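Visitor: Quick one: the structure is below, and I'll ask about it shortly.
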Amino acid sequence: MRSMKVNGIAVATAVVACSWLSFLAPTSNAQNFDFFYLVMQWPPAFCNQPGARCKPRIPRTFTIHGMWPQTNSGGSPQDCPGAVPDVRRSGQVDEATLGLMDRQWPNLKRVRRGNGNSQFWTYEWNKHGTCSGWSLQRYFRATVDRASGVDLLRELRSNGIQPDNQLYARNRFGNALGRYSAVISCNNVRRRRTISKQIHEIWLCVHKDGSRIFPCARGTRFRNCGGGAIVFSS
Ligand code: 5GP
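Residue numbers (mature numbering (1 follows the signal peptide of the UniProt record, and there is no 0)): -30 to -1, 1 to 204.
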């Protein structure tokens, strides 16, 4: 009799533990990833590309491009289940967060109607955000919160690096942003009849729970920046 009672208690405990663990477990579309890249773009370097059709007032501050799940081995899970037709109209992101997104995460491209921001957010959610395994609210809120905690332009300026179309030695960018051990990504720009590399994006590492930016593992890295100096376009 006593052993039946003990068994009953053990079974009940196991059931409670299992349901609690399944609550903690990632949702079904959660992917295996190790951290995020919070990708901040320098709008003039996106908009000065041949064929780029940007809206007239190009921001002169780093804006959000996206927040991308990454694996330590260099993988980047993409296009997981959970795509939506339109982030703003989904009703799954609160107004306060949408307001911050409008300010910090503009669609730089010219569009026919409206500001087109939600088109860009939707593209980024469907390609990258779905692989976070998070709700839209959590993903977008974490992205704007982490981005608003950094002022990359101020950090560059305080190290004497300005958006003035001049060339800067790579290690000056590396030193100015050294505490992030970020990825500095370049594209090409035509300058004085030659093609130079310009700073285009800065990829910061964000903890996989979205709570904080941390220094990436391998020190500052340059992506597509060539071996010489880098232009900071105005
Ligand atoms: P990814 O596909 O890796 O998330 O991002 C690359 C794409 O984002 C490129 O096709 C690039 O053109 C696009 N992109 C970067 N900035 C903007 C923007 O402000 N608006 C839109 N619509 N696309 C952008």
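Quick reminder that beta carbons are idealized off the backbone N, C-alpha and C, glycines included. Only a predicted model underlies this, so the values are computations on that prediction, with no experimental measurement involved.
According to DSSP, simplified to helix, strand and coil, what is SER(-9)?
Guide: Here residue -9 refers to the residue found at position 22 of the sequence shown. Below a pLDDT of 50, predicted positions are generally treated as unreliable, and SER(-9), at 36, falls in that range; the measurement from the model is reported next regardless. DSSP places SER(-9) in helix when its eight states are reduced to three.
Visitor: Relative to the C-alpha of ILE165, which residue among GLY196, ASP121, ASP72 is closest?
Guide: By 1-based counting over the sequence shown, the position of residue 165 is 195. Comparing Cα-Cα distances from ILE165 to each of GLY196, ASP121, ASP72, the minimum goes to GLY196.
Visitor: State buried or exposed for GLY36, treating a residue as buried only when at least 16 other CB atoms are found within 10 Å of its CB.
Guide: Here the question's residue 36 lines up with position 66 in the sequence shown. Flag for GLY36 reads buried.
Visitor: Relative to the alpha-carbon of ASN2, which residue among ARG73, PHE16, GLY45 has its alpha-carbon at the smallest distance?
Guide: To locate residue 2, count along the sequence shown from 1; it is residue 32. Taking only the C-alpha atoms, the option nearest ASN2 is GLY45.
Visitor: Any heavy atom of the ligand 5GP closer than 7 Å to the CB of LYS167?
Guide: As a first step, residue 167 is located in the sequence shown; it is residue number 197 there, counting from the start. Outside the cutoff, so no.
Visitor: May I have the straight-line CA-CA distance separating ARG127 from ARG30, to the nearest angstrom?
Guide: As a position in the sequence shown, residue 127 is number 157, starting the count at 1. As a position in the sequence shown, residue 30 is number 60, starting the count at 1. Taking the straight line joining both Cα atoms gives about 13 Å.
Visitor: Within its chain, find whatever has a CB closer than 7 Å to the CB of MET(-30); leave out the 5 residues flanking it on each side and keep chain order.
Guide: If you number the sequence shown from 1, residue -30 lands on position 1. Only weak support is given to the placement of MET(-30): the predicted model assigns it a pLDDT of 45, under 50, and the value that follows is read from those uncertain coordinates. Nothing listed; no residue qualifies.
Visitor: Assuming GLN62 and SER105 are in contact, meaning their beta carbons sit under 8 Å apart, how far apart are those beta carbons, in whole angstroms?
Guide: Mapped onto the sequence shown, residue 62 falls at position 92. Mapped onto the sequence shown, residue 105 falls at position 135. About 7 Å separates the two Cβ atoms, so the contact holds.
Visitor: Spell out a yes or no on whether the region 115 to 127 and the region 154 to 162 are touching, meaning 3 or more CB-CB pairs, one atom from each, closer than 8 Å.
Guide: Not touching, per the Cβ criterion.
Visitor: By a C-beta neighbour count over all protein chains shown, 10 Å radius and 16 as the cutoff for buried, is SER88 buried or exposed?
Guide: For the purposes of this step, residue 88 is taken as the residue at position 118 of the sequence shown. It counts as buried.
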